[in-house]
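**Student:** The structure is given below, and queries will be raised subsequently.
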Amino acid sequence: MIDIDRWQEIYFVIRHHKLRTALTAFGVFWGIFMLVVLLGAGRGLERGALDDFGGHTNTIFLWSGGKTQIPYQGLGLGRRINLKDADVAIVRALPEVDLISSVNDLGGWQAAQYIVRGKAKGTFNTRGVEPDIFALANYSLPLGRALNDLDFEQKRKVAVIGSSVQEMLFEASENPVGHYLEISDVSFRIVGVFAAPNTGSGGRDDAERILLPNSTLRQTFNQTGWIGHLQISPVEGVHAVDLEQKVRRILHERHRVHLDDTGVIGTWNAQKEYEKAESLFEGIRIFSWIVAVGTVIAGVVGVGNIMLIVVKERTREIGLRKALGATSGDIIVTIVQEALVLTTIAGYFGLVGGVLVLELVSPLLASSQGGMFGRADIELSTAAFALLALVSSGLLAAILPASKAARVNPIVALQDE
Numbered sequence: 013m014i015d016i017d018r019w020q021e022i023y024f025v026i027r028h029h030k031l032r033t034a035l036t037a038f039g040v041f042w043g044i045f046m047l048v049v050l051l052g053a054g055r056g057l058e059r060g061a062l063d064d065f066g067g068h069t070n071t072i073f074l075w076s077g078g079k080t081q082i083p084y085q086g087l088g089l090g091r092r093i094n095l096k097d098a099d100v101a102i103v104r105a106l107p108e109v110d111l112i113s114s115v116n117d118l119g120g121w122q123a124a125q126y127i128v129r130g131k132a133k134g135t136f137n138t139r140g141v142e143p144d145i146f147a148l149a150n151y152s153l154p155l156g157r158a159l160n161d162l163d164f165e166q167k168r169k170v171a172v173i174g175s176s177v178q179e180m181l182f183e184a185s186e187n188p189v190g191h192y193l194e195i196s197d198v199s200f201r202i203v204g205v206f207a208a209p210n211t212g213s214g215g216r217d218d219a220e221r222i223l224l225p226n227s228t229l230r231q232t233f234n235q236t237g238w239i240g241h242l243q244i245s246p247v248e249g250v251h252a253v254d255l256e257q258k259v260r261r262i263l264h265e266r267h268r269v270h271l272d273d274t275g276v277i278g279t280w281n282a283q284k285e286y287e288k289a290e291s292l293f294e295g296i297r298i299f300s301w302i303v304a305v306g307t308v309i310a311g312v313v314g315v316g317n318i319m320l321i322v323v324k325e326r327t328r329e330i331g332l333r334k335a336l337g338a339t340s341g342d343i344i345v346t347i348v349q350e351a352l353v354l355t356t357i358a359g360y361f362g363l364v365g366g367v368l369v370l371e372l373v374s375p376l377l378a379s380s381q382g383g384m385f386g387r388a389d390i391e392l393s394t395a396a397f398a399l400l401a402l403v404s405s406g407l408l409a410a411i412l413p414a415s416k417a418a419r420v421n422p423i424v425a426l427q428d429e
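For the sequence shown, the numbering used here assigns the number 13 to the initial residue and increments by one for each residue that follows.
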């Protein structure tokens, strides 16, 4: 049964000490608010950073690096190594390899080419790839089809364009599939449109790219003597770092390069970098919790101190109640209720305020920081934990004042001035 008189009493106490109540509640409000904002901002930053990996969460990139720096097997310094078709074939045959694509960029790494489509023109990176690239990079195909094995084997002059290329060269109502592009005065028929898997900076770069069968690009534009780089992903159960070390060892042996001559074959392991990024953001999450929980604790301590003052001010009242028959349990319930009301209301507004700030700021950050931020929010479990923390903090804040109030001697209290 609801004790209306008790709730009216709590309302009167809060209303009678407005400034003190507001200052006390602000500590709890600010703690919960900071908890929500810090965790939400951390999630937004984490999403923005990890989204830049796109589909490359376990992909290994290998390319020809600098010249040899260590003499090996009678060979001197200064040899430059190029990856060849035979290297690709040997790596492809490894049982640990799931997906593999050789890659050549027309004009060099990330170089842009002048592309003509009717009266529309633009400069885009043109890249030769193999069919596995669509799974390696997690590209989706909103229109048309991907490059396939026949395109590669028959060296067909076909292309799959990025969604940003479509936007720049075609009207919104046009379907690019079946149209032709001019790349360095050579015509290529568009067979599909791909979309990058994320909205980060890497995803936008991919969407501004034109993909050709690598066999076609290398033959048409005289790049048959080398492979630009390899993209590889391991089968399930094989760590990308282990596969990277094995492939590097094989390539060093094939090209007679000392294993310690690490600058000759360059590598970038997405899984290794992804795990580093996850560890970094785990640290950020822990730091955010420490700061926010510390602020909440400070607020709870403030509530506890105020409740001690309240108990001191109401010593005569508490003594009178006990003299009239109130038990220690009744006194404890009264003090605990007051602390719970104060912390719960303040914490609730802190939670709502934090979520509201995230909802307002998140779209602005996601659109203005070049992919640095993703959507900032908090998980439902985190919000539930915050609500639980509100109740717990209210109880903690009331323990000492309530126990002190319960020990008040009614005779001594009635003599209190």
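Each residue gets a CB set at the ideal place from its N, CA and C atoms; glycine is no exception. Computed from a predicted model, the values in this text were never measured in an experiment.
Please state whether DSSP places I390 in a helix, a strand or coil.
**Tutor:** Coil at I390, not helix or strand.
**Student:** Going straight from the alpha carbon of D144 to that of Q166, what length do you get?
**Tutor:** Going by the C-alpha atoms only, they are around 17 angstroms apart.
**Student:** By alpha-carbon positions, which one of R201, V323, L111 ends up nearest to L412?
**Tutor:** Here the closest residue by C-alpha is V323.
**Student:** Would you mind reading off the limits of the alpha helix (DSSP H) that contains Q6?
**Tutor:** This structure cannot settle anything about residue 6, because the visible part of the chain is limited to 13 through 429.
**Student:** State the CB to CB distance for the pair E248 and S176, rounded to an integer number of angstroms; the pair is presumed to be in contact (CB under 8 angstroms).
**Tutor:** Not quite, the Cβ-Cβ distance comes to about 32 angstroms (not below 8 angstroms), so this is no contact.
**Student:** At 4 residues or longer, and completely inside the region 119-163: list those alpha helix (DSSP H) runs for me, N to C.
**Tutor:** 145-148, all fully within the region 119-163.
**Student:** Output the boundary residues of the beta strand (DSSP E) element that contains E256.
**Tutor:** That residue, E256, is in no beta strand (DSSP E); its alpha helix (DSSP H) goes 252-266.
**Student:** Please determine, among W42, T33, T279, the residue with the shortest C-alpha to C-alpha distance to I309.
**Tutor:** It is W42 whose Cα lies nearest to the Cα of I309.
**Student:** Where do the ends of the alpha helix (DSSP H) carrying I82 lie?
**Tutor:** I82 -> no alpha helix (DSSP H), and no H or E assigned at all.
**Student:** In this structure, how does DSSP classify E220 when only helix, strand and coil are distinguished?
**Tutor:** Looking at E220 - three-state DSSP - the assignment turns out to be coil, as it is neither helix nor strand.
**Student:** By Cβ distance, which residues of its chain are closer than 8 angstroms to N94, with the 5 residues on each side in sequence left out?
**Tutor:** Here the set comprises S76, G237, W238, I239.
**Student:** With distances taken Cα to Cα, identify the nearest neighbour of L47 among S152, G119, G366.
**Tutor:** When each option's Cα is compared against that of L47, the closest is G366.
**Student:** For Q231, name the three-state secondary structure that DSSP assigns.
**Tutor:** Looking at Q231 - three-state DSSP - the assignment turns out to be helix.
**Student:** Under 8 angstroms, do G204 and A158 count as touching if we go by C-beta distance?
**Tutor:** Yes, Cβ-Cβ distance for G204 and A158 is below 8 angstroms.
**Student:** In three-state terms, what does DSSP make of V203?
**Tutor:** If DSSP states are grouped into helix, strand and coil, V203 belongs with the strands.
**Student:** Could you work out which residue in E371, G88, L407 is closest to I390 when comparing CA atoms only?
**Tutor:** Nearest C-alpha to I390: E371.
**Student:** According to DSSP, simplified to helix, strand and coil, what is G212?
**Tutor:** For G212, the pLDDT reaches just 48, beneath the cut-off of 50, and the residue's location in the model is therefore unreliable, although a value from the coordinates is still provided. G212: coil per DSSP, three-state reduction.
**Student:** Judging by CA-CA distance, which residue of I222, P209, E256 is the nearest neighbour of A147?
**Tutor:** Out of I222, P209, E256, P209 has the C-alpha closest to the C-alpha of A147.
**Student:** Are the beta-carbon atoms of I44 and A398 separated by less than 8 angstroms?
**Tutor:** Contact: yes.
**Student:** Over the uninterrupted alpha helix (DSSP H) stretch that includes V109, give me the two end residues.
**Tutor:** Not the alpha helix (DSSP H): V109 falls in the beta strand (DSSP E), residues 109-117.
**Student:** Between G120 and L400, what straight-line distance do the alpha-carbon atoms span, to the nearest angstrom?
**Tutor:** Cα to Cα, the separation comes out at about 57 angstroms.
**Student:** Would you mind sorting G212 into buried or exposed? The rule is 16 or more other CB atoms within 10 Å of its CB.
**Tutor:** At G212, the pLDDT of 48 sits below 50, so the modelled position is not reliable; the number obtained from the coordinates is stated separately. G212 is buried by the Cβ-count criterion.
**Student:** Note down the Cα distance separating R32 from R59, rounded to an integer number of angstroms.
**Tutor:** C-alpha separation (whole angstroms): 41 angstroms.
**Student:** In terms of alpha-carbon separation, which member of N187, K258, I127, L181 lies closest to G156?
**Tutor:** Minimum Cα distance to G156 is reached at N187.
**Student:** Nearest-angstrom Cα distance between A123 and V276?
**Tutor:** Taking the straight line from one Cα to the other gives about 22 angstroms.
**Student:** Quick one: what's got a C-beta closer than 8 angstroms to A282's C-beta in the same chain, skipping five residues either side?
**Tutor:** Contacts found: F65, H68, T69, N70, T71, I72, F73, A252.
**Student:** Since I244 is in the beta strand (DSSP E), which residue starts that stretch and which ends it?
**Tutor:** It spans 241-246 - the beta strand (DSSP E) in which I244 sits, taken as one unbroken run.
**Student:** Terminal residues of the continuous beta strand (DSSP E) containing I195?
**Tutor:** From DSSP, the beta strand (DSSP E) with I195 extends over 192-195.
**Student:** Could you check how far apart the C-beta atoms of V40 and A358 are, in whole angstroms? I think they sit under 8 angstroms.
**Tutor:** Yes, they are in contact, since the Cβ atoms of V40 and A358 sit about 4 angstroms apart, within 8 angstroms.
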